[in-house]
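Trainee:
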Amino acid sequence: MNKEIKPLHGVWASRWVFILAATGSAVGLGNIWKFPYITGEYGGGAFVLVYLACILVIGIPVMTAEVMLGRRGGLSPIHTMQALAKQAQGRRFWSLIGYMGALAGFLILSFYSVIAGWALYYVFKMPTAFTDATAESVDAVYKGLLADPATLTGMHFIFMVLSMGVVAFGVNRGLERMVRIVMPLLFVLLAVLLGYATTTGHFSEGLAFLFTFEPEKLTAEAVIVAMGHSFFTLSLGLGAIMAYGAYMPKEMMVGGVRKPVSIGSTVLIIALLDTLVALVAGMAIFPIVFANGLEPAAGPGLMFVTLPLAFSQMPMGILFGTLFFVLVVFAAWSSSISLGEPLVAWLVERGWKRVRASILIGVLAFILGMGTVFSFNLYSGEEYQLFGRNFFELVEFLTTNIMLPLGGLLIAIFAGWVMKETHARKELMMKNFKVYLVWRAVLRILAPLAIAVVFLHAFGII
Ligand code: PHE
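Add 808 to the 1-based position in the sequence shown for my numbering, that's all there is to it.
1) Starting from residue 1022 and walking both ways along the beta strand (DSSP E), at which residues does that stretch end?
2) With distances taken from CA atoms, which of 1050, 1148, 1185 is nearest residue 1199?
3) Would residue 1127 be called buried (16 or more neighbouring beta carbons within 10 Å of its own) or exposed?
4) Between residue 1002 and the rest of its own chain, which residues show a CB-CB distance below 8 Å, the 5 nearest in sequence each way excluded?
5) Of all the beta strand (DSSP E) runs that stay within the bounds of the stretch 1037–1115, which reach a length of 3 or more residues?
6) Any heavy atom of the ligand MN closer than 6 Å to the Cβ of residue 1147?
7) Assuming residue 1049 and residue 878 form a contact by the criterion Cβ under 8 Å, report the distance between their Cβ atoms to the nearest whole angstrom.
8) Please classify residue 1158: does DSSP put it in a helix, a strand, or coil?
9) Give a single yes or no on whether residue 834 has its beta carbon closer than 6 Å to a heavy atom of the ligand PHE.
10) If you draw a straight line from the C-alpha of residue 1210 to the C-alpha of residue 1117, how long is it?
11) Leaving out the 5 sequence neighbours to the left and right, which residues in its chain are closer than 6 Å to residue 959 when beta-carbon positions are compared?
12) What did DSSP end up calling residue 1272 once you bin it into helix, strand or coil?
13) Please report the residue range of the alpha helix (DSSP H) in which residue 1008 lies.
14) Can you grab the Cα-Cα spacing for the pair residue 908 / residue 855, in whole Å?
15) Closer than 6 Å by C-beta to residue 1183: which residues in its own chain qualify, once you throw out the five before and the five after it? Chain order, please.
16) Looking at the secondary structure, which residues open and close the alpha helix (DSSP H) in which residue 1219 lies?
17) Could you tell me the alpha carbon to alpha carbon distance between residue 1263 and residue 1208, rounded to whole angstroms?
18) Is residue 838 near the ligand PHE, with its Cβ less than 6 Å from a heavy atom?
19) For the stretch 1024–1035 against the stretch 856–863, do three or more pairs of beta-carbon atoms, one drawn from each stretch, fall closer than 8 Å, so that the two count as touching?
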């Protein structure tokens, strides 16, 4: 749309690079840290099934819509939504998608950086603290970290500088090269861990936990958390993927030739890889939980307790373990960049220098993140809780389980009902018309309905 602004942000070198960047955004703490621990908290198989259903029915169609809107708008999500709303003769109301998404991205960035900081700490701790580890000693390291605001703040600071540093240099130069190396390595290491987990003797117990459907465990909260997580893990509902879609030209290099790129099949690959990583992380972690008599519902600490324990018992475990946490940091890094990018791109379009915009967003998110840092120590007491949740849990619940699904609902309605059909169809370039019709029906009816039902149910209305 706005031709002058495009080179300013850059475009992806090829379809493959787009896939890596979007997968880099999707695969992160959500897959390796959060998916296993919430699965543990909400009781396993039934939760996993709802999560998978949400990915299929809501996540994939909404991701397709987000990339489509982004590519059509060609700008940061806020400006893209303003432009597209105008074009559809829609009301300014739809700009809300851009603004709410920007806010959600900012809030998520603030706590994401703190948790990524934990992984960063483990990179340094792995070589020293985890030789001959026991369940108790590993737990003590984790609890010690949480009780220490200074270390948490330091790690949070380093991670925020790393993240906004890349955004400051433009996503193309840093990110493209980074994801090419990091993503395949991450897959290899997960496979190594998975291999180890099969030898603990508790692999089938882990599998049963993940895949046995026990409907009685499915509470209203479990359903909303599963749906929220399907948005979080695919980076949906806040414009991160929309921003990446904006850097995707209509024609891209595919296997060395310039071709029009269909959005649907590209999105499918990203969603598939993301889901695969989450399931593999679960299959690696739960056997270790059962083999060591740990608690599946251990909460946010699950990965930080089980994995060091597993690594410390493996041959060359210290090396692999250190490498693994390096890769968790990288996975988080390639995600956090996509949280900062929409906001920075918006400021740049408003005349800011990219470096300054990145510093501003970084400083603000760092300050807000201190609330999360203190949620684990100074302000962990009940007197600091609201609705039984501390600051971190509140921000996390509000963004993941409310703002992202709401954003997704609005995106689905806008792309399905408000935007001109011909525009959407042209932008998607789907080869198979039947697939297009299915997508459209799901996006218009099934996805919004599913989101609405989960919301109403969670708030006790139905
Ligand atoms: N998808 C990322 C993860 O699973 C988190 C994320 C959410 C990134 C929203 C960008 C936008 O860790």
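Ideal placement from N, C-alpha and C gives every residue a C-beta, glycine not left out. Please read these numbers as outputs of a predicted model, since none were measured by experiment.
Mentor: Quick look at the numbers:
1) Note, residue 1022: premise wrong, no beta strand (DSSP E); not H, not E.
2) 1185
3) exposed
4) 1088, 1091, 1092
5) Counting whole runs of 3 or more residues, the stretch 1037–1115 contains the beta strand (DSSP E) stretches 1059–1062, 1065–1068.
6) In the structure shown, the ligand MN is absent; the only ligands present are the ligand PHE.
7) The C-beta distance from residue 1049 to residue 878 rounds to 7 Å, short enough to fall under 8 Å.
8) coil
9) In this structure, the C-beta of residue 834 approaches the ligand PHE to less than 6 Å from one of its heavy atoms.
10) Distance between residue 1210 and residue 1117, taken at the CA atoms: about 35 Å.
11) Here the set comprises nothing.
12) Here the chain covers residues 809 to 1270 and nothing more, so residue 1272 does not appear.
13) Premise fails: residue 1008 is in no alpha helix (DSSP H) and is neither H nor E.
14) 28 Å
15) 1198, 1199, 1200
16) 1212–1221
17) C-alpha separation (whole angstroms): 13 Å.
18) A heavy atom of the ligand PHE is found nearer than 6 Å to the CB of residue 838.
19) yes
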